[in-house]
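A.B. asks:
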Amino acid sequence: MAAIAATREDENMDAHASLGSARQRMLRGARFALHVITVVLAFVGTIRAIDAGAEIVVASIAAALFLGWYATGAALLQGAVARWWLFALAALWAGLLAISAEYVWLAFPLLLLAGHVLRAGWSVVFAILVLAAAIMAPLLHHGQTSFAHIVGPVVGGGFALAISLGYDTLLRDAAERERLIASLVRAQDETAELQDELLRTQREAGASRERTRLARDLHDTIAQELSSISLLARTGEIARLPQIDALAQKSLTELRRIVAALDPTELEGSALAGALERMLAEAHVHSGIQTSLEVDLPPRALPTAVEVTLLRVAQSALANVRQHAAASTVAVRLHESEGSVGLDVVDDGAGFDPDAGEQPRAERTSYGLAAMRARVREHGGELHVQSALGEGTRLRVRIPLPGADSFGEGGDA
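The structure is reproduced here in structure tokens:
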């Protein structure tokens, strides 16, 4: 699981790094193009200025200063420092215009920079000032201008500013997409972690259910049989030794079956009714209680899980009768009614108050009743106990059969 999570995280990081590298390549390409345009326009402007009569030294030094200042600030394209650098670069360009009107075309790099360095409102103001200077330059040097000298800078400058603003918008959108992708990657990682946590929780819940099942099995079988062994041993009668040995062997066999997570030994090779009959016969032999079994089930087989639950409930109930009820008779009835299978265990013992938790018997049987109810509820069934002091006890179990539409209470009378 950890390896899968690590692989997923590596893939996400690679995808995010790929997007970031693509954005960096786009930025480097755009900046390189801007640098080339600026150098070419400065060089061409200087050649034309010299041809137009400008001093070679003056024009060359002025162009070199412009390019030098441009180079020093080429990496400063964010924040207040970049804005002041752009304003100084525009001032140097104004100095070039004072030397010759041929430098007017350097307005385009300035406008490209303005859309990226300045905010939208300030970039428009800056563009108006730059275009005004570009339009006025021919008038200052030649005393006249032309339609081309006006329309050319306006149209070209407008396109340059629009391209710059659009490019900056694309950059912001790309950055926002990267942020969203990073957020999505984090969300995917968190979802994967939650899924892993859910799987761990499910495994822990399954382990907890299995521990609970084993605890119930141990209580309903091994613990009850060991209790019987203890009661028989306290009599001190030699004649009880075979019974003690038989119970011990049965407990050992059942324990091995529980560890191996197999079905109960009582159900091997026989149906539930046969297992209940043998269990009641053993109870009669060990305790002398008169037992009876009534079975009213159709020939179709019950689900194995339901048979196991009914058998364990009957075992636990009979163990309570033998150990606590001081009963002389116990009757077990197994029947089907209105889409459910029912199990009734009735004794004529001392009884108890099911609602009085402080009663000694209630304290001793509380775990057993809770375990029985938990078993029955796993199949969507119900368990009820009717008892009163001196009036015996009746335990009723109803479990709906698969495919049944109703949950009957028939046959309870």
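Residue numbers (this note's numbering): 214 to 626.
Beta carbons: idealized from backbone N, C-alpha and C, even for Gly.
#1: Can you look up G603 in the DSSP assignment and give me helix, strand or coil?
#2: So, at 7 Å on beta carbons, what are the nonlocal neighbours of G308 in its own chain, with the 5 sequence-adjacent residues on each side left out?
#3: Whole angstroms is fine: what's the gap from A301's alpha carbon to V257's?
#4: What's the C-alpha gap between V543 and S505?
#5: Which class does R546 belong to by DSSP, given the choice of helix, strand or coil?
#6: Hey, quick one: how far does the beta strand (DSSP E) through E520 stretch, first residue to last?
#7: Exposed or buried, what is R535 when buried is set at 16 or more other beta-carbons lying within 10 Å of its beta-carbon?
#8: Which residues in the same chain have their Cβ closer than 7 Å to the Cβ of V271, if we skip the five residues on either side of it in sequence?
#9: Could you tell me the distance, in whole angstroms, from the CA atom of R332 to the CA atom of A345?
#10: Just to confirm, is the Cβ distance from V498 to Q456 under 9 Å?
#11: Looking at C-beta atoms only, is the number of pairs between the stretch 595-607 and the stretch 551-563 that lie closer than 8 Å three or more?
#12: Under the three-state reduction of DSSP, which class applies to G555: helix, strand or coil?
#13: Output needed for V519: all residues of its chain with C-beta closer than 7 Å, excluding positions within five of it in sequence on either side, in chain order.
#14: Have a look at E595, P567 and F565 and flag the residue whose alpha-carbon is nearest the alpha-carbon of L556.
#15: Please name the residue, chosen from R241, A538, D566 and T522, that lies closest to A584 on a Cα-to-Cα basis.
#16: Under a three-way DSSP split, which group does H597 fall into?
#17: Since L299 contacts V330 with CB under 8 Å, what's their CB separation in whole angstroms?
#18: Verify the contact flag: L344, CB atom, against every heavy atom of the ligand ZN, threshold strictly below 8 Å.
#19: Under 8 Å by Cβ, that's how I've got V343 and A303 pegged, so tell me the actual separation to the nearest angstrom.
#20: For G506, report the span of its beta strand (DSSP E) as first-last.
#21: Could you compute how far the alpha carbon of E549 sits from the alpha carbon of D409?
#22: Between which two residues does the alpha helix (DSSP H) containing G487 stretch?
#23: Taking Q437 as the reference, which of A400, L411, R385 and L531 has the closest Cα?
#24: Provide the residue span of the alpha helix (DSSP H) that contains Q437, from first to last.
#25: If W306 and F279 are in contact, beta carbons under 8 Å, what's the gap, nearest whole angstrom?
#26: Does V558 have its Cβ less than 9 Å from a Cβ in chain B?
#27: Tell me whether R332 sits in a helix, a strand or coil according to DSSP, three-state version.
#28: Tell me which same chain residues have a C-beta within less than 7 Å of the C-beta of V508, skipping the five on either side of it?
#29: Determine the DSSP secondary structure at L614, reduced to helix, strand or coil.
#30: If contacts are defined as beta-carbon pairs under 8 Å, then G286 and A295 qualify, I think. What distance do you get, rounded to the angstrom?
#31: What residue does the alpha helix (DSSP H) around L280 start on, and which one ends it?
#32: Under three-state DSSP, which class holds D561?
#33: Tell whether a beta-carbon distance below 9 Å holds between A327 and A347.
#34: Pick from Q401, E490, L323 and E268: whose alpha carbon is nearest that of I250?
C.D. replies: Taking the structure as given:
#1: Stepping through the sequence shown from its first residue, residue 603 is reached at position 390. Look at G603 here: in three-state DSSP terms it is coil, with no helix or strand label.
#2: In the sequence shown, the residue the question calls residue 308 occupies position 95. These residues qualify, in order along the chain: A275.
#3: As a working mapping, residue 301 is identified with position 88 in the sequence shown. As a working mapping, residue 257 is identified with position 44 in the sequence shown. Spanning the alpha carbons of A301 and V257 requires a straight line of approximately 22 Å.
#4: By 1-based counting over the sequence shown, the position of residue 543 is 330. By 1-based counting over the sequence shown, the position of residue 505 is 292. Rounded to the nearest whole angstrom, the C-alpha separation of V543 and S505 is 7 Å.
#5: Numbered from 1 along the sequence shown, position 333 holds the residue referred to as residue 546. DSSP, reduced to helix, strand and coil, places R546 within a strand of the structure shown.
#6: As a first step, residue 520 is located in the sequence shown; it is residue number 307 there, counting from the start. Premise fails: E520 lies in the alpha helix (DSSP H), T517 to N533, not in any beta strand (DSSP E).
#7: In the sequence shown, counting from the first residue as 1, residue 535 sits at position 322. Buried: at least 16 other Cβ atoms inside 10 Å.
#8: Within the sequence shown, the letter at position 58 stands for residue 271. I312, listed in sequence order.
#9: Reading the sequence shown from its first residue, position 119 is the one you call residue 332. Reading the sequence shown from its first residue, position 132 is the one you call residue 345. Answer to the nearest angstrom: the Cα atoms are 20 Å apart.
#10: Here the question's residue 498 lines up with position 285 in the sequence shown. Here the question's residue 456 lines up with position 243 in the sequence shown. Yes, these two residues count as a Cβ contact at 9 Å.
#11: With the rule of 3 Cβ pairs closer than 8 Å, the stretch 595-607 counts as touching the stretch 551-563.
#12: Reading the sequence shown from its first residue, position 342 is the one you call residue 555. G555: strand per DSSP, three-state reduction.
#13: Residue 519 sits at position 306 when you count from the first residue of the sequence shown. Excluding residues within five positions, the ones whose Cβ falls inside 7 Å are V554, H592 and I612.
#14: Stepping through the sequence shown from its first residue, residue 556 is reached at position 343. Ranking E595, P567 and F565 by Cα distance to L556 puts E595 first.
#15: Along the sequence shown, one-based indexing puts residue 584 at 371. Of the candidates R241, A538, D566 and T522, the one whose C-alpha sits nearest the C-alpha of A584 is T522.
#16: Here residue 597 is taken as the residue at index 384 of the sequence shown, counted from 1. Look at H597 here: in three-state DSSP terms it is strand.
#17: On the sequence shown, position 86 is the one that residue 299 refers to. On the sequence shown, position 117 is the one that residue 330 refers to. Yes, they are in contact, since the Cβ atoms of L299 and V330 sit about 5 Å apart, within 8 Å.
#18: Only the bare structure without any ligand can be found here, which leaves the ligand ZN out of the picture.
#19: As a working note, residue 343 is residue 130 in the sequence shown. As a working note, residue 303 is residue 90 in the sequence shown. Contact holds; Cβ gap of about 7 Å.
#20: As a position in the sequence shown, residue 506 is number 293, starting the count at 1. In the sequence under discussion, the amino acid at residue 506 is Leu, which differs from the Gly named in the question. Per DSSP, the unbroken beta strand (DSSP E) holding L506 starts and ends at Q503 to D509.
#21: Sequence index remark: in the sequence shown, residue 549 carries index 336 (1-based). Sequence index remark: in the sequence shown, residue 409 carries index 196 (1-based). Rounded to the nearest angstrom, the two C-alpha atoms are 44 Å apart.
#22: Here residue 487 refers to the residue found at position 274 of the sequence shown. Unbroken alpha helix (DSSP H) run through G487: L485 to S500.
#23: Here residue 437 refers to the residue found at position 224 of the sequence shown. The shortest C-alpha separation from Q437 is found at L531.
#24: Here residue 437 corresponds to residue number 224 of the sequence shown, with the count starting at 1. That run of the alpha helix (DSSP H) goes Q437 to T448.
#25: On the sequence shown, position 93 is the one that residue 306 refers to. On the sequence shown, position 66 is the one that residue 279 refers to. The pair is a contact, with the Cβ atoms about 6 Å apart (cut-off 8 Å).
#26: Of the protein chains in this structure there is only one, and it is not chain B.
#27: Translated into positions along the sequence shown, residue 332 becomes position 119. Coil at R332, not helix or strand.
#28: Within the sequence shown, numbered from 1, the residue matching residue 508 stands at position 295. Spatial neighbours of V508 in its own chain (CB-CB distance under 7 Å, excluding positions within 5 residues in sequence) are listed in chain order as A486 and L547.
#29: The residue given as residue 614 occupies position 401 in the sequence shown. Coil at L614, not helix or strand.
#30: Within the sequence shown, residue 286 is the residue found at index 73, counting from 1. Within the sequence shown, residue 295 is the residue found at index 82, counting from 1. Sure, about 7 Å apart at Cβ, within 8 Å.
#31: As a position in the sequence shown, residue 280 is number 67, starting the count at 1. From DSSP, the alpha helix (DSSP H) with L280 extends over I269 to T285.
#32: Start at 1 with the first residue of the sequence shown, and residue 561 comes out as number 348. Residue state, collapsed to three classes: coil.
#33: If you number the sequence shown from 1, residue 327 lands on position 114. If you number the sequence shown from 1, residue 347 lands on position 134. No, the pair does not count as a contact, with Cβ atoms beyond the cut-off.
#34: Reading the sequence shown from its first residue, position 37 is the one you call residue 250. Of Q401, E490, L323 and E268, the residue nearest in Cα terms is L323.
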